[in-house]
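Trainee: One structure, as structure tokens, below. Some questions next.
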Ligand code: IMP
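See the structure below:
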């Protein structure tokens, strides 16, 4: 059985493909722009996109929605992360935190999996961290240059190689749950590997 990852974002695909390879789960990339509903819940946003994609493709697939939740901003931008990145970007977020000593933030990824018309699931992964005082690093994308994961060595995601980011990322944690579910319930999707 073939599993599709549906998204417009090739950075996400690159990360996801590398991580799922470790779990022996091959995926195909279906690159398309999906509608995003306005919701406070990234799970609901991912599920809506997945349902829309399923009505088009009619094959097992997953989508994901990610948000950066900043404590001092009461969780903003959270589900609005995409719009905020497009409008004010990393500099705008840093500006909102000017003079703020609480830099705590969390990156969350919700994956929505649809196997059939009657079976859908969501998986949530999160990585806690801090918002840097300035943009650092040129390796990542999106908010990577301003996010310092707590489990790391003080570098931002933007200062890490993709393999390093993949070790501790919010996306890996959601994919770990997805992999566990698939290897238990749909072992024919995995290629004989254990999770
Ligand atoms: P969405 O999941 O595409 O809606 O992403 C929301 C926003 O967060 C977009 O602006 C992305 O660029 C950004 N984003 C999503 N995942 C990551 C990541 O792993 N690192 C940095 N930025 C991300």
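Numbering (the numbering used here), first residue to last: -14 to 180.
The beta carbon of each residue, even a glycine, is placed where N, CA and C say it ideally should be.
Rounded to whole angstroms, what's the CA-CA distance from residue 117 to residue 88? Just pull it up for me.
Mentor: 7 Å
Trainee: Please classify residue 75 as buried or exposed, where buried requires at least 16 neighbouring CB atoms within 10 angstroms.
Mentor: Burial call: buried.
Trainee: DSSP beta-bridge partners for residue 106?
Mentor: 98
Trainee: How many whole angstroms separate the CB atoms of residue 99 and residue 31, which I take to be in contact at a CB cut-off of 8 Å?
Mentor: Not a contact, Cβ separation roughly 10 Å.
Trainee: If you drop the 5 nearest sequence neighbours on each side, which residues of the same chain put their C-beta closer than 8 Å to that of residue 24?
Mentor: 30, 33 and 64
Trainee: How many Å lie between residue 180 and residue 41 at the Cα?
Mentor: Below a pLDDT of 50, predicted positions are generally treated as unreliable, and residue 180, at 43, falls in that range; no measurement from the model is reported.
Trainee: Please return the same chain residues whose Cβ sits closer than 8 Å to the Cβ of residue -7, not counting the five positions on each side in sequence.
Mentor: 16, 17, 18 and 19
Trainee: With respect to the beta strand (DSSP E) encompassing residue 175, which residues constitute its N-terminal and C-terminal limits?
Mentor: Segment: none, residue 175 is in no beta strand (DSSP E) and carries neither H nor E.
Trainee: For residue 157, which option in 5, 132 and 131 has the closest C-alpha, if you only look at C-alpha atoms?
Mentor: 5
Trainee: Could you check whether the Cβ of residue 125 sits closer than 8 Å to any Cβ belonging to chain C?
Mentor: Although the question refers to chain C, the structure presented lacks it and comprises just one protein chain.
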